[in-house]
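Worksheet: the structure to be examined is printed underneath.
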């Protein structure tokens, strides 16, 4: 297996960085086997699918490249704290999505938080889209922007019963983190994003 390689790029008008990490895990096939044997359950109200715990050695095996990306690209040093990590599979049909699941979202509003997505399906399709909210112009929603952003969303009509696409009346897609087997993406958690499901 090749060593992990980092590929940073700037997205959007706000100039935020996202980092593709190719060959992220040393043995992605073993992770797929672990996922196949895992016991999945409902993910909760925000994620449109099911989740299962990761193998106990996953974070230890991938932490060296995460530290390298956080320090070398984002200037964040020290030991990262993991808040949540799991296998995740989208399973909810479009007609059963909640309004929140049909809208780009942030994983956290704090500027010092980061999210990681690791693709483990071999068919290279879809990915994760990043968005600009048309009414506010926001591409990120930090703590200070939450009141204005929330008010703007409440004033808009509910989105159609479908997964978020490339563009709609409320959001413009500014970038996509393309799917590739054993590729991960690291990005600030306050970036507006959504899975590119079915593309």
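Numbering (the working numbering), first residue to last: 38 to 236. Yeah, the Cβ is synthetic: ideal placement off N, Cα and C, and Gly gets one too.
- In this structure the segment 98-105 does not lie against the segment 185-194, because fewer than three pairs of beta carbons, one per stretch, are closer than 8 angstroms.
- Take the alpha-carbon of residue 69 and the one of residue 172: they are about 41 angstroms apart.
- The three-state secondary structure of residue 95, taken from DSSP, is helix.
- If one requires a minimum length of 4 residues, the alpha helix (DSSP H) runs lying completely within the segment 64-111 are 65-74, 95-109, in chain order.
- Here the alpha carbon of residue 227 sits roughly 7 angstroms from the alpha carbon of residue 148.
- For residue 177, the number of other beta carbons within 10 angstroms of its own is at least 16, and it is reported as buried.
- When secondary structure is reduced to three states using DSSP, residue 168 falls in the strand class.
- Cβ neighbours of residue 60 within its own chain (closer than 7 angstroms, five residues either side excluded): 38, 39, 40, 41, 42, 219.
- Counting only runs of 3+ residues, the beta strand (DSSP E) found wholly inside the segment 118-197 occupies 123-127, 151-155, 164-170, in chain order.
- Straight across, the Cα-Cα distance linking residue 91 with residue 145 is about 21 angstroms.
- Going by beta carbons, residue 214 and residue 67 fall outside the 8 angstroms limit.
- Taking 8 angstroms as the cut-off, the Cβ atoms of residue 168 and residue 141 count as close.
- In chain order, 175 place their CB closer than 7 angstroms to the CB of residue 182, counting only its own chain and leaving out the 5 sequence neighbours on each side.
- Its chain contains 89 as the residues whose beta carbon lies nearer than 7 angstroms to that of residue 76, once the 5 sequence neighbours on both sides are disregarded; these appear in chain order.
- Taking all protein chains shown into account, residue 184 has fewer than 16 neighbouring C-beta atoms within 10 Å of its C-beta and is therefore exposed.
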